[in-house]
Structures are given as structure tokens and as C-alpha cells.
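For the sequence shown, full-length UniProt numbering assigns the number 1 to the initial residue and increments by one for each residue that follows.
For reference, the structure discussed in these notes is given below.
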Amino acid sequence: MTNKDAKRALITGVTGQDGSYLAELLLSKGYEVHAIKRRSSSFNSGRIDHLYEDPHETHRRFTLHYGDMTDSTNLIRIIQEVQPDEIYNLAAQSHVHVSFETPEYTANADGMGTLRILEALRILHLEKKTRFYQASTSELYGKVVETPQKETTPFYPRSPYGVAKLYAFWITVNYRESYGMHASNGILFNHESPRRGETFVTRKITRAVAAITAGDQERLYLGNLDAKRDWGHARDYVEGMWRILQQDEPDDYVLATGRTVSVRDFVTTAFKVAGVEVEWKGEGVDERGYERGTNRCLVEVDPRYFRPTEVDLLLGDPTKAKEKLGWVATTTLEEMITEMVQSDISEHANSAHQRDKD
Ligand code: NDP
Ligand code: GDR
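Shown next, in the form of C-alpha cells:
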């Protein structure tokens with residue numbers, strides 16, 4: 001039986017990494033979860049298939065709605081139907097490099113999409129009922145102005161994605177101040193997991209480690225090895241999102257680990273988990289990583305992965321989240337890399353096994 005008093009949440013971007021962990025978390029807390037997924041020509045629900053409930057089931061607690069951040073009519077209709085207590089706006093074209101290729105679409109989905117939801121709440125007179133969480137990002141800091149970056153650090157985005165998210169950040173603040181909405185930003189630093197999209201650098205690395213150590217891939221091609229990121233685990237970060245919406249007052253919070261590591265060091269650690277020592281030779285763009293004691297080149301820089309403007313260093317200060325939300329990142333970087341490499345090794349072995357059978 002569903003509980004009539006259960007809180008009702010609406011998640012956009014549920015088919016993504018964070019959406020899947022957040023849906024699990026809210027269901028475990030007894031919420032009735034509604035979520036928006038886009039129509040796709042192939043299945044895009046792999047991360048949430050385990051949560052699926054038959055639509056013929058009358059008391060289901062997890063319901064999917066077709067929708068898109070670029071379609072106001074659809075967002076208004078879904079919000080009207082669901083009447084959510086909480087909305088978590090996670091949907092976005094979230095790839096920074098891709099945003100340079102699709103800047104207008106990124107602005108529409110990530111920037112205007114946020115406005116569409118906030119305005120839908122106003123149109124539907126839900127501005128006093130529904131709490132709103134906006135998935136803001138450390139990409140807002142962009143060019144280094146101060147480190148560690150905290151809530152008071154000035155923004156200087158360095159990509160169409162960052163600029164679109166800047167609009168989303170400020171329109172969330174503006175609706176909070178204009179209409180007294182419980183609307184908050186989580187300024188989240190990079191967070192990863194075995195469910196991370198395959199083209200983000202961490203997952204690209206851990207998948208390559210699995211394929212290279214299995215003898216199915218020769219080399220890993222990467223862009224800027226010197227970029228430094230404050231990497232945490234997505235499972236920890238969705239807990240922070242939820243805590244932000246449980247506060248009496250809406251506010252903006254940095255969620256981060258407080259530790260930064262270069263892409264190069266991430267590569268070294270990931271190969272180490274698989275028992276391979278990487279030795280770095282050369283300088284600058286010619287830099288390559290070799291398997292120690294051999295001539296086997298494992299990593300090579302390919303300038304096609306460079307960005308027109310780069311974010312060199314992200315390091316967050318999560319003090320406010322710790323003090324006000326009681327939130328800290330609990331998974332260490334080494335634990336997370338180990339989980340990701342092990343997961344990709346078994347995924348690779350399973351797909352190889354499947355290929356053998358086909
Ligand atoms: P993903 O890229 O894994 O997921 C993005 C989700 O948004 C997917 O469900 C995707 O659908 C959906 N989506 C994209 N465009 C649209 C659209 N036009 N209409 C409806 N849905 C759409 O991102 P993450 O889970 O990693 O991140 C979640 C949010 O947090 C994003 O907004 C991201 O920008 C932000 N963020 C992420 C950080 C991170 O390190 N992961 C850090 C800080 C912020 P589909 O599956 O069909 O593509
Ligand atoms: P980021 O993540 O841009 O920080 O955005 P990504 O993993 O794409 O890049 C991190 C850093 O690695 C460098 N890099 C490469 N990146 C990719 N994707 N592929 C490569 O081959 C490669 N080689 C080096 C990048 O130049 C960059 O410096 C992520 C996204 O989840 C955003 O949505 C989110 O807002 C921010 O994190 C916080």
C-alpha cells in the first residue's frame with residue numbers, strides 16, 4: 001500500500017548518474033518518486049531499470065513521465081499532475097567539452113530549462129508548497145580566482161556549459177528572493193561512480209584500464225593531464241542534495257571533498273588498482289605513460305580532447321555543508337577508483353563473454 005502521507009518528489013535527469021542514485025535514496029526514505037525521462041530511439045534507462053515498477057500496479061512508488069527540459073508545456077503538465085513536495089532539477093547537457101559544440105542547445109536545456117520549472121511552479125501556484133533543488137556546479141568557478149572555492153568565491157565560468165549553469169544558479173536565487181520560494185543551489189564538485197557516463201574522464205580511464213589489462217585495447221588517449229579536480233562519490237553527493245531540501249531555510253551550499261588530484265594521478269592510481277605500474281616520460285603534450293619496466297605505451301595525449309578554454313584547478317571548501325547540513329564526503333578517492341576499476345573489469349569480462357557466445 002502507498003502511504004498517503006509519503007512525500008512526493010519529482011526528479012529531472014533520472015536516467016543519469018545522479019538521478020539514479022537519488023531515486024534509490026528517496027525510495028529508501030519512503031518517498032513517492034516521479035521522474036522525467038526523455039524519449040530516445042534506444043533504451044536509455046539502464047541505470048534505473050532495477051527500480052522499474054509495472055505501470056499497471058496501482059500502488060507503485062516509482063513513476064516515469066516522458067518529458068524534456070526544452071518543452072514548457074510538458075513540464076507544466078507533469079508538475080500539475082504530480083503536485084510534488086520537492087523537485088530535484090538534475091537534467092542537463094552535462095558534458096563540458098560537448099557544450100562548445102552545442103552551445104545553444106546547452107543554454108536552452110541547462111539555463112532556460114531551469115527557468116521553465118521555476119516559472120511552472122509560479123504558474124501553478126506551487127511556489128509556497130514545492131521545494132526546489134538546482135544542480136549547480138563547481139564549473140561556475142572556472143578560472144581560478146581563489147582556492148579553496150567556497151560559497152562566497154566569485155564565479156568565472158569557462159565554457160558554454162558553465163555560462164548556462166550560471167544563469168540557472170542566479171535565476172534560482174532570484175526566484176527565491178522574488179517569490180519567497182524554497183529554492184536552493186547545490187554547488188557540487190565533480191562526483192563519479194561506476195555509473196558515470198563513459199565519456200567523462202574518470203570513467204574513460206577506468207574502462208580503458210579494464211580493456212587494456214584484458215589485452216583488448218592498446219592505448220588510452222587523453223587530453224589535459226594536468227587538470228586538477230576535487231573528485232567525490234556520487235552516492236555521497238545525492239545525500240547532500242536531499243539534506244539541502246530538508247533545511248528550514250533555502251540556501252546555497254558547496255559539496256566537495258576538500259582534496260584535489262590531477263588527471264595524471266588518477267590514471268596512475270587506476271592502473272595500480274589493476275596491478276599495473278605507470279611510469280611517466282616526456283614533457284607537455286608529448287607526455288606518455290609507459291608500463292614500468294617495459295616499452296609498452298599505455299597513455300598518450302591527443303589534442304582533440306583539449307578544450308578551447310580549460311578549468312585548471314578545482315578544490316572545494318565544504319565547511320558550510322559540514323556545519324549546517326552535517327554532510328561530509330565519506331568515500332575516499334582511492335576507494336572510489338577501486339570500485340570503478342573493479343566494476344569495469346567485471347563489465348568488460350561479461351561483455352567479452354557475451355561476444356564469445358554471439
Ligand atoms: P548525466 O549526464 O549523467 O545525466 C544528465 C541527465 O539529464 C540524463 O538523465 C539526461 O537524459 C538528462 N537530460 C539531458 N538533456 C535533457 C533534456 N533536454 N530534457 C530532459 N532530460 C535531459 O549527469 P550527472 O548525473 O552526472 O549530473 C546531474 C546534474 O548535476 C547535471 O545537471 C549536471 O550538470 C550537474 N552536475 C554534475 C556533476 C558531476 O560531477 N556529476 C557536478 C556538478 C553538477 P539521457 O539519459 O536521456 O541523456
Ligand atoms: P568536467 O569533467 O569537465 O570537470 O565536468 P570531465 O571528466 O569531462 O573532465 C575533467 C578534466 O579532465 C580533462 N580531460 C579529459 N576530459 C574528458 N572528458 N576526456 C578526456 O579524454 C580528457 N583528458 C583530459 C578535462 O580537460 C577536464 O579538465 C564534470 C561534469 O560532470 C559537469 O557536468 C560537472 O558540472 C563538473 O564535472 C563539475
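By construction, the Cβ of each residue, glycine as well, lies at the ideal position given by its N, Cα and C atoms.
Cα-Cα separation, residue i to residue j
i: Val-14; j: Leu-90; result: 7 Å
i: Ala-270; j: Glu-198; result: 15 Å
i: Gln-246; j: Ala-6; result: 14 Å
i: Asp-71; j: Arg-296; result: 50 Å
i: Gly-232; j: Asp-18; result: 12 Å
i: Ala-183; j: Arg-122; result: 12 Å
i: Ala-9; j: Ile-48; result: 16 Å
i: Lys-37; j: Gly-293; result: 49 Å
i: Gly-85; j: Lys-357; result: Checking the sequence, you will find Asp at residue 85 rather than Gly. For Asp-85 and Lys-357, the distance between alpha carbons rounds to 48 Å.
i: Pro-308; j: Leu-75; result: 34 Å
i: Ile-11; j: Ile-87; result: 6 Å
i: Gln-342; j: Ala-214; result: 13 Å
i: Asn-190; j: Arg-355; result: 33 Å
i: Thr-319; j: Val-98; result: 32 Å
i: Gly-129; j: Met-181; result: Looking at the sequence itself, residue 129 is Lys, so the reference to Gly does not match. Cα to Cα, the separation comes out at about 8 Å.
Range of the contiguous alpha helix (DSSP H) that encloses residue i
i: Arg-207; result: 201-213
i: Gly-19; result: 17-28
Check: residue i C-beta below 7 Å from any heavy atom of the ligand NDP
i: Met-69; result: yes
i: Leu-188; result: yes
i: His-348; result: no
i: Leu-90; result: yes
i: Ala-120; result: no
i: Arg-207; result: no
i: Ala-352; result: no
i: Arg-38; result: yes
i: Asp-216; result: no
Any non-hydrogen atom of the ligand GDR within 7 Å of residue i CB
i: Tyr-305; result: yes
i: Arg-229; result: yes
i: Thr-137; result: yes
Residues bridged to residue i [DSSP beta-bridge criterion]
i: Val-261; result: Arg-229
i: His-65; result: Ile-36
i: Tyr-253; result: Gly-186
i: Ile-11; result: Ala-35 and Tyr-88
First and last residue of the uninterrupted beta strand (DSSP E) at residue i
i: Val-299; result: 297-301
i: Arg-196; result: Per DSSP, Arg-196 belongs to no beta strand (DSSP E) and is neither H nor E.
i: Val-276; result: That residue, Val-276, is in no beta strand (DSSP E); it is neither H nor E in DSSP.
Exposed unless 16 or more other CB atoms sit within 10 angstroms - verdict on residue i
i: Ser-20; result: buried
i: Met-1; result: Per-residue confidence for Met-1 stands at a pLDDT of 44, beneath the threshold of 50, marking its modelled position as unreliable; no derived number is given.
i: Gly-46; result: exposed
i: residue 397; result: Lying outside 1 to 358, the shown extent of the chain, residue 397 is not represented and no answer is given.
i: Tyr-52; result: exposed
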